[in-house]
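Right, one structure below, let's go through it.
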Amino acid sequence: MKRRYGFTLVEVLIVVAILSILTAIAWPGYARHAVKARRTEAQLALVDAMQRQEQYRAQHHSYVAFSASDSEPAGRDFRWHLGAQPESSAYEIDGYACDGQDIRHCIVLRARPGTGRVDTRFRDPDCGVLTFDSTGAQDASGAAPRCWP
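Start counting at 1 in the sequence shown, then tack on 35, and there's your number in our numbering.
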């Protein structure tokens with residue numbers, strides 16, 4: 036009697052089916068975790084930018100608006116993307132005066148997910164656009180009840 040080594044086609048198909056089921060179960064949890072990690076990165080970047088804005092205000096008696104298309108020298112000191120390169124960043128960050136107030140007294144920092152200047156594939160359907168202003172108010176445009184820790 037000759038001994039055969041290896042797997043039958045049925046055994047391989049059963050293993051592939053089991054792996055497919057496990058992947059289908061695990062993928063949504065992984066995707067939620069990845070979005071939450073990038074959201075936390077954006078929140079930390081907003082806090083860091085606000086600290087730098089406060090330092091700037093202490094020296095110049097005003098906050099400074101900034102964006103990706105900023106041509107002002109003071110605005111270029113503030114990073115408008117996360118990470119090393121804009122293409123890998125999930126959020127675009129900008130700063131502007133609070134509604135009805137002068138930039139000298141109040142600034143809103145905003146992190147927008149998946150704009151044309153950063154990774155356009157990234158979406159945060161739960162929280163959307165994150166904002167943080169100089170009064171300490173934190174907000175999000177999405178429907179999730181708690182987007183900030």
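Glycine is no exception: its CB is placed at the ideal position from the N, C-alpha and C atoms. The model shown is predicted, which means the values in this text are computed figures rather than measured ones.
Which term fits residue i, buried or exposed, when burial requires 16 or more other beta carbons within 10 angstroms of its beta carbon?
| i | result |
| --- | --- |
| Gln86 | exposed |
| Ala77 | buried |
| Gly171 | exposed |
| Glu46 | exposed |
| Phe42 | exposed |
Would DSSP call residue i helix, strand or coil?
| i | result |
| --- | --- |
| Ile53 | helix |
| His68 | helix |
| Asp83 | helix |
| Thr43 | coil |
| Leu144 | strand |
| Asp112 | helix |
Could you work out which residue in the options is closest to residue i when comparing CA atoms only?
| i | options | result |
| --- | --- | --- |
| Trp115 | Ala103, Ala109, Pro108 | Ala103 |
| Leu79 | Gly177, Leu165, Asp154 | Leu165 |
| Gly130 | Gly149, Gly151, Leu81, Trp62 | Leu81 |
Between which two residues does the beta strand (DSSP E) containing residue i stretch?
| i | result |
| --- | --- |
| Gln173 | 173-175 |
May I ask you to verify whether the segment 104-123 touches the segment 49-58, counting CB pairs closer than 8 Å and requiring at least 3? no
If we count Cβ pairs, one from each stretch, closer than 8 Å, do we get three or more for the segment 55-74 versus the segment 152-166? yes
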